[in-house]
Amino acid sequence: MSTANVTVIDHPLVQHKLTLMRQKDAPTALFRELLREISLLLLYEVARDLPTVMKEIETPLEKMQSPVLGGKKLCLISILRAGDGLLQGMLDLIPSARVGHVGLYRDPETLEAIEYYFKVPHSLGERLCIVVDPMLATAHSSIAAVERVKAAGARRLKFVCLLAAPEGIEAFNAAHPDVPMYTAAIDRELNDHGYILPGLGDAGDRIFGTK
Ligand code: PRP
Ligand code: URA
1 MSTANVTVID HPLVQHKLTL MRQKDAPTAL FRELLREISL LLLYEVARDL
51 PTVMKEIETP LEKMQSPVLG GKKLCLISIL RAGDGLLQGM LDLIPSARVG
101 HVGLYRDPET LEAIEYYFKV PHSLGERLCI VVDPMLATAH SSIAAVERVK
151 AAGARRLKFV CLLAAPEGIE AFNAAHPDVP MYTAAIDREL NDHGYILPGL
201 GDAGDRIFGT K
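In my numbering, the protein residues as written are 1 to 211.
Structure (structure tokens):
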């Protein structure tokens, strides 16, 4: 597996929080809060190359030129429903971001991604689009989501997840070599049901307490 297109965000704070999340007894509220906290740390890294422009401001002492975010407002695109677990923290960090949603679920038998919702902002081609989903397993969901977002006009994309399987990284890279990936960890493998090992279980169920 080539990891050339993948940035693993192995900051100790991210790794510590991820370990707490993986534990099967972590309560729903804690799991959700840890994911929110990690989302801030992931976005900090993902946003490292955002363009800035100089703006004239006045401090209490004098005028100065100071950097602010430049360009068209970026777009965060959440793959429903687990993507929403990453979305809120990221919006706290970049409140002016536009938001899109791609509703997908994995068919439990075929593991194919089935779309049930799609809504994105206008002018995607002029925005950096950051697609978020905690889990990259087979990559069927993320590949389909990125295809849809590209078809809607996006040209500059990044994909951010919490956990990735080697199989998913390979498949995503083959389908979208132009889209850099960011993850907090690359786990060992998928099991026969397409779950990441050692993983953290079903992200959506753990975020929303549906199991
Ligand atoms: C989970 C997860 C990803 C997908 C990853 O969603 O949030 O979207 O599985 O698996 P893949 O890489 O094999 O496609 P799920 O289908 O369980 O839906 P949910 O977010 O609504 O729980
Ligand atoms: N989706 C999840 O939520 N967890 C996995 O391990 C794989 C897909």
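Just so it is clear, CB atoms sit at the ideal spot from N, CA and C, and this is done for glycine as well. Model, not experiment: these values are computed from the prediction.
List the DSSP bridge partners of residue i.
i           : result
residue 79  : 102
residue 56  : 65
residue 8   : 183
residue 196 : 190
Quick check: the Cα distance between residue i and residue j, rounded to an integer number of angstroms?
i           : j           : result
residue 143 : residue 159 : 10 Å
residue 199 : residue 80  : 19 Å
residue 1   : residue 64  : 49 Å
residue 165 : residue 190 : 7 Å
residue 28  : residue 20  : 12 Å
residue 146 : residue 171 : 13 Å
residue 47  : residue 82  : 21 Å
residue 94  : residue 108 : 35 Å
residue 141 : residue 53  : 35 Å
residue 122 : residue 58  : 34 Å
residue 131 : residue 85  : 13 Å
residue 6   : residue 192 : 25 Å
residue 98  : residue 179 : 19 Å
residue 154 : residue 92  : 23 Å
residue 4   : residue 169 : 10 Å
residue 149 : residue 120 : 8 Å
residue 137 : residue 33  : 22 Å
At a cut-off of 6 Å, is residue i close to the ligand PRP when judged by its beta-carbon and the heavy atoms of the ligand?
i           : result
residue 101 : no
residue 78  : no
residue 36  : no
residue 106 : yes
residue 140 : yes
residue 175 : no
residue 127 : no
residue 85  : no
For residue i and residue j, which I take to be in contact (beta-carbon distance under 8 Å), what is that distance rounded to the nearest angstrom?
i           : j           : result
residue 201 : residue 106 : Not a contact, Cβ separation roughly 14 Å.
residue 134 : residue 163 : 7 Å
residue 41  : residue 11  : 6 Å
residue 74  : residue 127 : 5 Å
residue 152 : residue 124 : 5 Å
Is residue i near the ligand URA, judged by its Cβ being under 6 Å from some heavy atom?
i           : result
residue 135 : yes
residue 195 : yes
residue 199 : yes
residue 202 : yes
Would you say residue i reaches chain C, if we count a Cβ-Cβ gap shorter than 7 Å as a contact?
i           : result
residue 165 : Absent from the structure: chain C. Only one protein chain is present.
Item checked: Uninterrupted alpha helix (DSSP H) stretches inside the stretch 101-189 (no shorter than 4 residues) -> If only uninterrupted alpha helix (DSSP H) runs of at least 4 residues are considered, those enclosed by the stretch 101-189 are 140-151 and 166-175.
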